[in-house]
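Peer 1:
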Amino acid sequence: MTMMLFSLPGNEPLARSIADQAGWRLGALDVRRFPDEESYVRLCSVVAGCATAIVCTLARPDAQIMPLLFAARLLRESGARSVQLIAPYLAYMRQDRRFHDGEALTSRQFAQLISSEFDGLVTVDPHLHRYRNLGEIYSIETAALAAAPLLADWVLGNIDKPLIIGPDSESEQWAGAIAQHIGAPHVVFTKSRRGDRDVLIAASDLTEWKDRVPILVDDVISSGQTLANAAREITAQGFPAPVCLAVHGLFATGSETLLTDIGCRLVTTDSIPHPSNSIALSPLLGEALTAQLATLDV
-2 MTMMLFSLPG NEPLARSIAD QAGWRLGALD VRRFPDEESY VRLCSVVAGC
48 ATAIVCTLAR PDAQIMPLLF AARLLRESGA RSVQLIAPYL AYMRQDRRFH
98 DGEALTSRQF AQLISSEFDG LVTVDPHLHR YRNLGEIYSI ETAALAAAPL
148 LADWVLGNID KPLIIGPDSE SEQWAGAIAQ HIGAPHVVFT KSRRGDRDVL
198 IAASDLTEWK DRVPILVDDV ISSGQTLANA AREITAQGFP APVCLAVHGL
248 FATGSETLLT DIGCRLVTTD SIPHPSNSIA LSPLLGEALT AQLATLDV
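Take the sequence shown: its position 250, counting from 1, is numbered 247 in our numbering, and each next residue is one higher.
What follows is the structure in structure tokens.
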């Protein structure tokens, strides 16, 4: 069976790398916007009888979701045997409960949209806070991959005598896994949040690790406030500005400058295109894509 990989605009480099890793052919889509902001989608490859997949990281989902759904439906209408989605960053996972009356439970609604057009989903470190797994909200085959081993390999190859630091309790799963993988010490700070850009960090005493390089680890850099406040606590104890290591670099407006002004070095995977990308996900994604295809009833 022929396997063909497509990408939405901005995802071409990752798609090429995954295709090389997994042995899939690259297909072509023409995706653009009309002056009135409606989407135009045209399939430029023959897909009848093929297994297909679309690469589209969902860091800016509202602009991407319509062309993505149109492309998936078009592949199926054109005879594709299966349609999978590779979304290294998966959006709409944070609204996992109704915090106030009348709120949309967007994590479930978004999952229903994706499940309606795709046979399978491959993603990396989604925000599973109140959900145990993606199967609680997605009705299709899903693979949620862990990037911690790749982050650990980067630290091992680039930093001598690291000290792994999680800025809050939620970061423990990454900080702990990385530290265990490379045999380094790790600590986790305490955070209290008063708003999207208003967080307080209570730091541990780092005195016994004065000879080590601080590495701040989190799953996502968004506003940058959590990492910035943690970085200030670290430098206040006489350490150099830390390396900020994250799976997903969303980098909301001003966040990159916020961190670099402190002196932080930024390192992320290529789940979202950004100059800080230093860790390739394509080997992980390519293997998972092919493994998932084998489980689909096509």
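Built from N, CA and C at the ideal position, the CB exists for glycine as well.
Quick one: measure Cβ to Cβ for V244 and V121, integer angstroms, because I've assumed they're closer than 8 angstroms.
Peer 2: 6 angstroms
Peer 1: Taking C-alpha atoms, which residue in Q170, D59, A48 lies nearest to F115?
Peer 2: A48
Peer 1: Going by C-alpha distance, which of L2, P58, A56, I198 is nearest C41?
Peer 2: L2
Peer 1: Could you give the first and the last residue of the continuous alpha helix (DSSP H) run that contains D155?
Peer 2: The residue asked about is misnamed: residue 155 is Asn in this sequence, not Asp. N155: member of the alpha helix (DSSP H) spanning 145 to 155, first to last residue.
Peer 1: Please tell me whether T266 and I259 are closer than 7 angstroms, where the distance is taken between their beta carbons.
Peer 2: no
Peer 1: Can you give the Cα-Cα distance for G283 and I15, rounded to whole angstroms?
Peer 2: 5 angstroms
Peer 1: On the DSSP letters alone, give me the boundaries of the alpha helix (DSSP H) that M(-2) sits inside.
Peer 2: Premise fails: M(-2) is in no alpha helix (DSSP H) and is neither H nor E.
Peer 1: Just checking: is the beta-carbon of V52 within a distance shorter than 7 angstroms of some beta-carbon in chain C?
Peer 2: Absent from the structure is chain C; it holds one protein chain and no more.
Peer 1: N155 to H124, Cα distance in whole Å?
Peer 2: 27 angstroms
Peer 1: Can you find at least 3 beta carbon pairs, one from the segment 73 to 86 and one from the segment 101 to 109, that sit closer than 8 angstroms?
Peer 2: no
Peer 1: Under a three-way DSSP split, which group does N8 fall into?
Peer 2: Coil, per DSSP.
Peer 1: Please classify A60 as buried or exposed, where buried requires at least 16 other C-beta atoms within 10 Å of its C-beta.
Peer 2: exposed
Peer 1: Below 8 angstroms on the Cβ atoms is my guess for V185 versus E169; work out the distance and round it to an integer in Å.
Peer 2: 5 angstroms
Peer 1: Does DSSP put P32 in a helix, in a strand, or in coil?
Peer 2: In the structure shown, P32 falls within a coil segment according to DSSP collapsed to helix, strand and coil.
Peer 1: Excluding the 5 residues preceding and the 5 following S219 in the sequence, name in chain order all residues of the same chain whose CB lies nearer than 8 angstroms to its CB.
Peer 2: L247, F248, A249, S252
Peer 1: Below 6 angstroms CB to CB, which residues in the same chain sit around K287 once its five sequence neighbours on both sides are set aside?
Peer 2: Sequence inspection shows Thr at residue 287; the Lys mentioned does not correspond to that position. Closer than 6 angstroms at Cβ, skipping near neighbours: A19.
Peer 1: Could you compute how far the alpha carbon of A77 sits from the alpha carbon of P64?
Peer 2: 17 angstroms
Peer 1: Would DSSP call S275 helix, strand or coil?
Peer 2: strand
Peer 1: Tell me T49's beta-bridge partners as DSSP assigns them.
Peer 2: M1, V80
Peer 1: I need the boundaries of the beta strand (DSSP E) containing E138, first residue and last residue.
Peer 2: 138 to 142
Peer 1: Which value, in whole angstroms, describes the spacing of the CA atoms of S79 and G46?
Peer 2: 9 angstroms
Peer 1: Classify S4: buried if its beta carbon has 16 or more other beta carbons within 10 angstroms, exposed otherwise.
Peer 2: buried
Peer 1: How far does the alpha helix (DSSP H) with H178 in it extend, from its first residue to its last?
Peer 2: 169 to 179
Peer 1: So what does K158 bridge to, in DSSP terms?
Peer 2: Answer is none; K158 lacks a bridge partner.
Peer 1: Please report the residue range of the beta strand (DSSP E) in which P211 lies.
Peer 2: 210 to 218
Peer 1: Looking at L242: is its Cβ nearer than 7 angstroms to the Cβ of I212?
Peer 2: yes
Peer 1: On the DSSP bridge list, what partners appear for L242?
Peer 2: V214, V264
Peer 1: Are the Cβ atoms of S268 and P6 separated by less than 7 angstroms?
Peer 2: no
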